[in-house]
Every structure is written in structure tokens, then in C-alpha cells.
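Participant: For the protein sequence lines, the chains are A and B, in the order given.
Each residue of the first sequence is one higher than the one before, counting from -18 in this note's numbering.
Each residue of the second sequence is one higher than the one before, counting from 316 in this note's numbering.
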Amino acid sequence: MKPPQFQYCAPGVLDEALGLLDQCGTDAKILAGGQSLIPLLNVRLVAPLYLVDINRVAALDYIDARENHLAVGAIVRQRSVEQSPVVRQRHPLLIEAITYIGHMQIRNRGTLAGSIVHADPAAELPALLCCLDGEIVARSSTGERIIKAEQFFTDYLTTTLDAREIVTEIRLPWLPPQAGWACIEFTRRAGDYALAGAIAVVVPTPAGTCQSARISYFGIAATPVRGYEIEQMLIGTTLDDAILQAAAHAAESLVQDDLSDIHATSTYRRALTAEATRRVLRTAWQRCQNRS
Amino acid sequence: MVTIKQTSMPALHDMCSLSLTVNGQHYERRVPARLLLSDFLRHELHLTGTHVGCEHGVCGCCTILLNGEAVRSCLMLAVQADGMDLTTIEGFASSQEPLHPIQQAFQEKHALQCGFCTPGIIVSVHALLREHPMPTEEEIRHGLSGNLCRCTGYQNIVAAVKCAAVYLADQETTHSRNENNK
Ligand SMILES: Cc1cc2nc3c(=O)[nH]c(=O)nc-3n(C[C@H](O)[C@H](O)[C@H](O)COP(=O)(O)OP(=O)(O)OC[C@H]3O[C@@H](n4cnc5c(N)ncnc54)[C@H](O)[C@@H]3O)c2cc1C
Ligand code: FES
Ligand code: FES
Chain A
-18 MKPPQFQYCA
-8 PGVLDEALGL
2 LDQCGTDAKI
12 LAGGQSLIPL
22 LNVRLVAPLY
32 LVDINRVAAL
42 DYIDARENHL
52 AVGAIVRQRS
62 VEQSPVVRQR
72 HPLLIEAITY
82 IGHMQIRNRG
92 TLAGSIVHAD
102 PAAELPALLC
112 CLDGEIVARS
122 STGERIIKAE
132 QFFTDYLTTT
142 LDAREIVTEI
152 RLPWLPPQAG
162 WACIEFTRRA
172 GDYALAGAIA
182 VVVPTPAGTC
192 QSARISYFGI
202 AATPVRGYEI
212 EQMLIGTTLD
222 DAILQAAAHA
232 AESLVQDDLS
242 DIHATSTYRR
252 ALTAEATRRV
262 LRTAWQRCQN
272 RS
Chain B
316 MVTIKQTSMP
326 ALHDMCSLSL
336 TVNGQHYERR
346 VPARLLLSDF
356 LRHELHLTGT
366 HVGCEHGVCG
376 CCTILLNGEA
386 VRSCLMLAVQ
396 ADGMDLTTIE
406 GFASSQEPLH
416 PIQQAFQEKH
426 ALQCGFCTPG
436 IIVSVHALLR
446 EHPMPTEEEI
456 RHGLSGNLCR
466 CTGYQNIVAA
476 VKCAAVYLAD
486 QETTHSRNEN
496 NK
């Protein structure tokens, strides 16, 4: 239960960190909040030769409310986001999703970027990023690229990020002012990763029907899953019980078959996914109704 | 092919220098990079009040304050605490001092049996009460959710937190009264 040996460095400047990655390639790992990486080191599921700690790169510590999105630098703690007045005021869905993550002690260290790069399919933030069509900004010594959420997550704990890249920023689009939103999950114990969970955003027309909808799931497959088909079903409806029932039914088929583990069988996860769909959509719809 | 100017590159090391403050006392040490902060506190500084249960962030026994925030010391490398200010359970009251109000409340309400979880819980409760000085039952249970106790069943811990909140509030009023009388 102790980390294997590695060489360590905590550069203060991003370019130095990128230079180190060039030098060390796939033998190196980035250390951010450490709330996923250090458990993996402790149980020796990973054994990098080099650890590049980015916590001292002060330039990556910012929360920026831009015109189209909220930008969060790579070393901003989940808890700082949770307590940020601008986020509380302008991105309540992010707050709702973040508070499901582990416990206060975990969120005091864990970062948004770390959670997204770690890409646990049962994690809230990757699913939120997919739901909102957010973006990941990645830097390497040769330049910067912006990766769309739907092109980022490829498999269990696997992304399209290159070993020589560092994620510098996470971009989460704002919701339209009239939107309703919710994040719901089922866990065995408070703070656990979800057995199944869903995040939804619905936008009503002035007449009170659904103009557009977004829904994504976590804990139900090897990556976060966007429910595109369900989104289409909802448009033009008033999200009445019959539609919610149909959406819940459609959601069941998104659950991967071979997901049975010590925590839950696939059948149980399917039932939870259906219920999460009903609840998340009902809550999101109520919230936008209450607003107007 | 990118050429790297080796001179400008910071170096990677398997031994690192560390300078930090723990419970008000300054320490300087050289430690292996892979040494966990929990092990540094226990084995190097002999502050064995910080307990180690799971070493993957789940049990909460190893919770300490890092620059005032409650964190898992088993999920940090010692070297990451360089330049930081830490408080462990030993910093709440020395053996010559009366108990800290939170400790006092835990003793009075029988909020511990074996006591293995207690240091981590007291540190977490300290952080909880700073954010919610008069927490509701729900806030208490939520605030304790990151700490496991296999003995008590939590009822007395919740009672102790309520009691500690009152003690701390009393201490606060006495303190400000004394300040005003000066
Ligand atoms: C008890 C416990 C409960 C938890 N519960 C939940 C939960 O309910 N939901 C949830 O989502 N998470 C949970 N987590 C995990 C937590 O959210 C982590 O903080 C998060 O998954 C990783 O973020 P980090 O900053 O700690 O990253 P690290 O652990 O430092 O890194 C994780 C991975 O991402 C890479 N990485 C990190 N940052 C970057 C970057 N900027 N660029 C490139 N690569 C990078 C690292 O190399 C590593 O591979 C829990 C953790 C614990 C210990
Ligand atoms: S030993 Fe750190 S949380 Fe269990
Ligand atoms: S008192 Fe024994 S684990 Fe809590």
C-alpha cells in the first residue's frame, strides 16, 4: 500500500512541465489533486518512472467567466469551484454535480481537469462535460489544441489525450437563462462513485413545450453516454408521465450488458438508469417551469 | 524533433528537500519522493495521532488540516507539503493542556469506543464547524460522511458535534466579551 519508486519534480512553469513530458514520454504521469492517481500508486496499479507535479504551476489556477463558457484552470480544486461566487450564481448545475463527488476532504484536493482526464465512467464531471458539449484545452510543447468532449472519452479510464500533453483548462458552456437542469445519481454510500446517474438540461419554449433537451449518463458503460435518441423524443412535448416513461425505457438500452460487478448487476443498473431518467428529467423540467 | 535545453529544465529527483510547519513547529527534512505525507507525519515526525486505515482515501482516519483545509494525508506525497502549514490532531491540545472543546465534547458524549477513527473525525469536525458553526443534523451527517467509524454507530458522534458547536460558540462569546472588557 505504498507508492513504488519514482522520480519527482514540481515545476513552477507550464513550459517546464511540458519539457519534462517530452523528455520522459509515456514513462511520466502528471500529478494534479492526486485523489485518483495516489490511490492507484498506493495499490500499485500504476508505476510511472516519473511524476510531474503541476500543483505549483500558478498560471493554471483560475476560474474565468467568459462570454460563452466558464473556464476552469487545471489546478483549481473542485471545492474552490463549489465555493466560487460566480459559479454558484451562474452555473448551478456544475455545483450540483460537484457536490456528489466523494467528500469535502477529497474535493479540497481533487481538480476538475484531473477528474476529466482520469475518465472514470462513473464520475460526474466527464458526463457533465458531455452533456454540455464542453471542451478540453490541451497543451504540448508543440502547441495547443481544443478537444470536444464527445471526442475525448474512448474507453474505461482512456482518453484521446497524448502522453506529452497537459490539460490546461476545462470549458463548460453556460446554460440558456430559461433552462432547467438536474444531476441525479444512485450510490451505495454517500460519496461513492455512482452505480448509475444522469444529468439533464431542458429548455422550454414560451408556450411551455420542450424546445431542446440534453441528457447524459454515468456509471452505465465504459465511457459517459449521451442519450441523443432520448433528447429527440422530448422535443415538442411537455415531459408528461407517458413521455418520461418512454424516455426511461429507451435509457435502459443504453446500459452496457456486461456491467455486473460486486456493487450491482446489469439488470439492477438498468432499473436505476430508468429511474434516474424519470427523476432527472422531472426535476429539470420543474426547475425551468418555476423560473418563468 | 524537439530539442530540450537541459540547462533550463528542472530536475527530477527520488530524494527531495522538504520544509514545512506542523502544529506551529518548523521542520526541515530530506525525504524519498514516494513517501506519503501520512507516513512522514507518523514515522519521521513521530506524530502517531494521525492514523492510517485504508491508504486509498476512503476511511478518513488520516485526515489533517493543510493550510486550514481538511485533506487526506494518505493521498499526498510528503514533498507536496513543502512550504505548507499543517495541523494534526496533536495540534488541537498538547498533553499538558485541557482538551480542545471538540475533544471535550467527544469525551462527554462517549463519541468513541476504540478511538481509531477519532483523530480524523475531530479534524473533519473542526472543518465542518468552521463552515457551519451551528450545523443541522443533516449538515453534520453530510460533514461526517467522509469518515468511517466501525464502533459507535455514529449516534454519539452526531451528539458530540452538536455539543462541540455549543462549546465553541460559548468560547467565542467569552472571548469577545473579554476583548470588549479590555
Ligand atoms: C474516497 C474517494 C471518493 C471519490 N469519489 C468520487 C466520486 O464520487 N465521483 C468522482 O467523480 N470522483 C470521485 N473521486 C475521485 C476524485 O474526483 C478525483 O479528484 C479525480 O478523479 C481526479 O482528480 P485529481 O485532480 O485528484 O487528479 P489526479 O489523481 O492527480 O490525476 C488523475 C489522472 O489524471 C491525470 N491528470 C490529472 N490532471 C491532468 C492534467 N491537467 N493534464 C493531464 N493529465 C492530468 C493524472 O496523470 C492521472 O492519470 C473520489 C476519490 C476518492 C479518494
Ligand atoms: S488512510 Fe487515508 S483515508 Fe484511509
Ligand atoms: S471508535 Fe472505533 S472506529 Fe470509531
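Every residue, glycine too, gets a C-beta built ideally from N, C-alpha and C.
Let me know the secondary structure DSSP gives TRP162 of chain A once reduced to three states.
Facilitator: Note: TRP162 of chain A maps to strand in three-state DSSP.
Participant: With a threshold of 8 Å between beta-carbons, can ALA479 of chain B be considered close to chain A, or not?
Facilitator: By this cut-off, ALA479 of chain B is not an interface position.
Participant: Quick check: is any heavy atom of ligand 1 less than 7 Å from the C-beta of GLN428 of chain B?
Facilitator: No, Cβ of GLN428 of chain B sits at least 7 Å from all heavy atoms of ligand 1.
Participant: If the cut-off is 8 Å on Cβ atoms, which residues from the stretch 63 to 94 of chain A count as contacting chain B, listed in chain order?
Facilitator: So the list reads GLY83, HIS84, MET85, GLN86, ILE87, ASN89, ARG90, given in the order they occur along the chain.
Participant: Suppose the cutoff is 6 Å on Cβ atoms and the five residues either side in sequence are ignored; what does the same chain contact list for VAL67 of chain A look like?
Facilitator: Counting only Cβ-Cβ distances below 6 Å, and skipping sequence neighbours, we find ALA46.
Participant: Give the DSSP-derived three-state secondary structure of TYR85 of chain A in the structure shown.
Facilitator: Checking the sequence shown, residue 85 of chain A turns out to be Met, not Tyr. Three-state DSSP puts MET85 of chain A in a helix.
Participant: Give me the DSSP bridge partner(s) of LYS129 of chain A.
Facilitator: DSSP, once it has assigned bridges, lists A:GLU116 as partnering LYS129 of chain A.
Participant: Consider the C-beta atom of CYS369 of chain B and the heavy atoms of ligand 3; say whether any pair is separated by less than 7 Å.
Facilitator: Result no, Cβ not under 7 Å from ligand 3.
Participant: Just tell me which of A:GLN16, A:CYS269, A:ILE35 has its CA closest to the CA of GLN159 of chain A.
Facilitator: Nearest of A:GLN16, A:CYS269, A:ILE35 to GLN159 of chain A, Cα basis: A:CYS269.
Participant: Please name the residue in A:GLU212, A:ASP173, A:ALA78 whose C-alpha comes closest to that of GLU105 of chain A.
Facilitator: For the residues A:GLU212, A:ASP173, A:ALA78, the minimum Cα distance to GLU105 of chain A belongs to A:ALA78.
Participant: From this set, A:VAL182, A:ASP242, A:ALA9, A:ALA188, which residue's C-alpha is nearest GLY200 of chain A's C-alpha?
Facilitator: Out of A:VAL182, A:ASP242, A:ALA9, A:ALA188, A:ASP242 has the C-alpha closest to the C-alpha of GLY200 of chain A.
Participant: With respect to the beta strand (DSSP E) encompassing GLY178 of chain A, which residues constitute its N-terminal and C-terminal limits?
Facilitator: 177 to 185 is the span of the beta strand (DSSP E), which, as asked, contains GLY178 of chain A.
Participant: Determine the chain B residues that contact CYS(-10) of chain A at a beta-carbon separation under 8 Å, and present them in chain order.
Facilitator: Simply PRO325, ALA326, LEU327, HIS328.
Participant: Can we count SER96 of chain A as close to ligand 1, meaning its CB is less than 7 Å from some heavy atom?
Facilitator: Indeed, a heavy atom of ligand 1 lies less than 7 Å from the Cβ.
Participant: Flag this pair as touching only if the stretch 149 to 169 of chain A and the stretch 178 to 189 of chain A have three or more C-beta atom pairs under 8 Å; answer yes or no.
Facilitator: With the cut-off at 8 Å, the stretch 149 to 169 of chain A and the stretch 178 to 189 of chain A touch.
Participant: Check whether the Cβ atoms of PRO434 of chain B and GLU(-3) of chain A sit closer than 8 Å, and answer yes or no.
Facilitator: No. Outside cutoff.
Participant: Please confirm whether any heavy atom of ligand 1 lies closer than 7 Å to the CB of ARG90 of chain A.
Facilitator: Yes, the beta carbon of ARG90 of chain A sits closer than 7 Å to at least one heavy atom of ligand 1.
Participant: Can you tell me which residues form a DSSP beta bridge with GLN340 of chain B?
Facilitator: Answer is B:VAL337.
Participant: Closer than 8 Å, CB to CB, is HIS371 of chain B near chain A or not?
Facilitator: Closer than 8 Å: yes.
Participant: Does ALA385 of chain B get closer than 8 Å to chain A when you measure Cβ to Cβ?
Facilitator: Taking Cβ atoms only, chain A reaches closer than 8 Å to ALA385 of chain B, which makes this a yes.
Participant: Which of helix, strand or coil does DSSP assign to GLY208 of chain A?
Facilitator: The answer is coil: DSSP assigns GLY208 of chain A none of H, G, I, E or B.
Participant: What is the residue span of the beta strand (DSSP E) that THR402 of chain B lies within?
Facilitator: Segment 400 to 402, the beta strand (DSSP E) holding THR402 of chain B.
Participant: Express the C-alpha separation of GLY406 of chain B and ALA484 of chain B in angstroms, rounding to a whole number.
Facilitator: Roughly 20 Å separates the two Cα atoms.
Participant: On the premise that SER122 of chain A lies in contact with GLY(-7) of chain A, defined as a C-beta separation below 8 Å, what is that separation, rounded to the nearest angstrom?
Facilitator: Not really, about 17 Å apart at Cβ, beyond 8 Å.
Participant: Starting from the Cα of ASP8 of chain A, find the closest Cα among A:ALA94, A:TYR(-11), A:ILE224 and give me that residue.
Facilitator: ASP8 of chain A has its Cα closest to that of A:TYR(-11), out of A:ALA94, A:TYR(-11), A:ILE224.
Participant: Helix or strand or just coil, what does DSSP make of MET316 of chain B?
Facilitator: Caution applies to MET316 of chain B, whose pLDDT of 43 falls short of 50 and renders its modelled position unreliable; the value that the coordinates give is listed next. DSSP places MET316 of chain B in coil when its eight states are reduced to three.
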